[in-house]
RNA sequence: GUGGCUGUAGCUCAGCUGGCAGAGUACAUGAUUGUGGCUCAUGUUGUCGCGGGUUCAAGUCCCGUCAGCCACCCCA
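In the numbering used here, the protein residues as written are 17 to 435.
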């Protein structure tokens with residue numbers, strides 16, 4: 017079909033039949049976050065580009081090739097946000113939330129943008145939900161944030177998702193580890209793939225999960241991050257695990273977890289659905305103790321996570337958790353003729369005032385077509401309004417599930433729905 | 001950004017070595033003069049993704065392009 021205007025590549029419309037499930041997920045997330053004491057924060061869709069360049073890290077692909085950058089009329093460079101943490105931290109610093117003291121618990125939802133080649137579960141405009149807890153380095157907070165996302169996924173009914181955690185240590189241990197990795201790989205330079213040679217420079221941790229067989233063999237005996245943690249980092253990581261167990265959160269330690277953004281330190285975690293194919297990360301996050309300072313605030317430790325709506329919906333569909341369809345109307349009005357429609361309009365309006373969800377479709381003319389539609393939209397009742405009913409003040413209310421019907425006067429009808 | 005597969009009715013898809021564009025489903029009408037779901041009958045729906053080329057003739061072959069999917073990459 018040749019349509020004149022088509023949607024931009026890597027974007028999608030949320031059509032009415034899907035918007036119900038989107039709203040449902042948003043609702044469940046907001047509810048879960050609020051139970052943990054998190055409050056919503058809404059930041060703009062675009063920010064100054066250098067906010068991301070400085071925080072996310074200028075070596076990452078997200079900044080190097082995936083950011084939607086543009087100049088406004090005054091030649092200032094902005095970017096559509098590629099992720100949610102930097103804007104929240106910017107707002108935290110700019111609004112001096114530190115002055116409130118204590119821990120700030122924030123949640124957000126909204127579209128993010130990355131210029132990448134689309135495939136299933138990967139879009140150029142995609143929707144994330146996430147939280148940030150800023151102001152404490154206590155390992156309980158790490159566990160709380162993880163437990164929140166865990167609770168959210170459980171509440172949606174998802175079973176096929178596993179949680180993996182890791183510690184990336186502090187800056188010193190990360191640097192030490194990266195050096196150890198580079199030293200280890202140096203003598204193997206001839207044997208590893210081209211991608212891995214680039215990783216050696218750019219992001220040595222990624223060497224560990226290369227899929228090329230020869231690289232895999234080498235990676236299997238490469239040094240592991242956990243051995244490079246100092247005592248403080250180790251203690252923190254162990255404490256997180258104790259709290260997670262206390263909160264009955266199931267997890268697995270995976271020393272190979274790498275996060276895509278440069279600002280992560282200490283705890284890192286991922287929720288994976290391995291039935292999803294290549295794009296299997298349903299959500300993930302980690303601690304970012306240096307980020308607030310980097311963005312210009314007083315040093316303040318933080319941790320957060322983000323997850324994608326699209327992969328969540330794919331997972332729900334896969335596990336056949338369709339959350340039910342949108343409920344049908346309470347009443348479908350079967351109105352026979354234009355004369356009856358005048359009284360019908362009046363009646364429908366009176367019922368709506370009683371909070372009754374009522375639909376009518378003037379395109380369907382015959383009674384048969386209207387009854388059929390009432391059935392199709394899954395209405396509980398069909399209300400028949402014809403000239404006979406109006407003349408006799410006796411309206412037929414048919415219960416479509418039970419196939420029973422009663423004849424009611426207008427006041428009886430309103431009484432029936434006045435609960 | 002790299003490689004591969006696919007694009008035909010609203011949806012799912014068939015269409016062979018070029019020869020009248022199809023099925024199921026959905027939708028509409030009727031069987032049932034004002035009562036839905038089941039059944040049966042009849043009917044409507046197409047720039048065959050788009051542009052070009054080869055040919056008497058292209059949904060089919062060739063080139064280009066756009067889009068989706070799969071893998072890499074990256075990550076949500």
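All C-beta atoms in this analysis are idealised placements derived from N, C-alpha and C, irrespective of residue type, glycine included. Predicted, not measured: the structure shown is a model, and the values here were computed from it.
query                                                                                                                                                                                           : result
So residue 263 is in the beta strand (DSSP E); what residue range does that whole segment cover?                                                                                                : From DSSP, residue 263 is part of no beta strand (DSSP E); its letter is neither H nor E.
Quick check on residue 142: buried or exposed, where buried means 16 or more other Cβ atoms within 10 Å of its Cβ?                                                                              : buried
Can you give me the start and stop residues for the alpha helix (DSSP H) that residue 330 sits inside?                                                                                          : 325–334
For residue 147, report the span of its alpha helix (DSSP H) as first-last.                                                                                                                     : It is not in any alpha helix (DSSP H) - residue 147 instead sits in the beta strand (DSSP E) that spans 141–150.
Grab me the residues of residue 386's own chain with a C-beta within less than 6 angstroms of its C-beta, minus the 5 sequence neighbours each way, in chain order.                             : 350, 380
Please identify the residue among 176, 50, 383, 326 whose C-alpha is closest to the C-alpha of residue 291.                                                                                     : 176
Evaluate residue 43 with the Cβ neighbour count: other Cβ atoms within 10 Å of its Cβ, from every protein chain shown; 16 or more gives buried, anything less gives exposed.                    : exposed
Could you check the C-alpha separation between residue 111 and residue 118 for me, to the nearest Å?                                                                                            : 15 angstroms
Is residue 419 close to the ligand GTP? I mean its beta-carbon at under 7 angstroms from any heavy atom of the ligand.                                                                          : With respect to small molecules bound, the structure shown includes none, and the ligand GTP cannot be examined in it.
Helix, strand or coil: how does DSSP classify residue 269 here?                                                                                                                                 : strand
Apart from the five residues just before and just after residue 48, which ones in its own chain have a Cβ nearer than 8 angstroms to its Cβ?                                                    : 164, 167, 168, 171
Provide the residue(s) that pair with residue 400 in DSSP beta bridges, ordered along the chain.                                                                                                : 350, 412
Tell whether a beta-carbon distance below 8 angstroms holds between residue 131 and residue 83.                                                                                                 : yes
Skipping 5 residues on each side, what residues in its chain have a beta carbon closer than 8 angstroms to that of residue 103?                                                                 : 59, 60, 63, 67, 97
Based on Cα-Cα distance, which residue from 310, 396, 376 lies nearest to residue 73?                                                                                                           : 310
Taking the alpha carbon of residue 137 as the reference point, which residue from 204, 285, 325, 183 has its own alpha carbon closest?                                                          : 325
Pair every Cβ in the stretch 145–157 with every Cβ in the stretch 197–215, then say whether three or more of these pairs are closer than 8 angstroms.                                           : no
What does DSSP give as the partner residues of residue 123 in its beta bridges?                                                                                                                 : 56, 147
Among 296, 393, 315, which residue has its Cα nearest to the Cα of residue 113?                                                                                                                 : 315
Rounded to whole angstroms, what is the Cα-Cα separation between residue 346 and residue 433?                                                                                                   : 10 angstroms
So, do the stretch 216–223 and the stretch 248–266 have three or more beta carbon pairs nearer to each other than 8 angstroms?                                                                  : no
Can you name the start and end residues of the alpha helix (DSSP H) that residue 107 belongs to?                                                                                                : 101–110
For the stretch 356–370 against the stretch 392–408, do three or more pairs of beta-carbon atoms, one drawn from each stretch, fall closer than 8 angstroms, so that the two count as touching? : yes
Roughly how many angstroms lie between the CA atoms of residue 367 and residue 430, to the nearest whole one?                                                                                   : 7 angstroms
Give the straight-line distance between the Cα atoms of residue 456 and residue 29, rounded to the nearest whole angstrom.                                                                      : With the chain covering 17 to 435 only, the question about residue 456 has no answer from this structure.
Let me know if residue 278 comes out buried or exposed under the rule of 16 or more other beta-carbons within 10 Å of its beta-carbon.                                                          : buried
So if DSSP puts residue 367 in a beta bridge, which residue, or which two residues, is it bridged to?                                                                                           : DSSP lists no partner for residue 367.
Do residue 187 and residue 306 come within 8 angstroms of each other at the CB atom, strictly closer than that value?                                                                           : yes
Buried or exposed, going by whether 16 or more other CB atoms sit within 10 Å of the CB of residue 369?                                                                                         : exposed
If you follow the beta strand (DSSP E) that residue 433 is in, where does it begin and where does it stop?                                                                                      : Premise fails: residue 433 lies in the alpha helix (DSSP H), 426–433, not in any beta strand (DSSP E).
Check the DSSP bridge columns for residue 181 and list the partner residues they point to.                                                                                                      : 269, 285
I need the boundaries of the beta strand (DSSP E) containing residue 70, first residue and last residue.                                                                                        : Looking at the DSSP string, residue 70 is not in any beta strand (DSSP E); the run it does join, the alpha helix (DSSP H), is 65–71.
Please list the segments of the beta strand (DSSP E) lying wholly inside the stretch 287–322, counting only runs of 3 or more residues, in order along the chain.                               : 297–303
Please classify residue 35 as buried or exposed, where buried requires at least 16 neighbouring CB atoms within 10 angstroms.                                                                   : exposed
Just how far apart, CA to CA, sit residue 178 and residue 423?                                                                                                                                  : 56 angstroms
Going by C-alpha to C-alpha distance, which of 134, 297, 412, 413 sits closest to residue 276?                                                                                                  : 297
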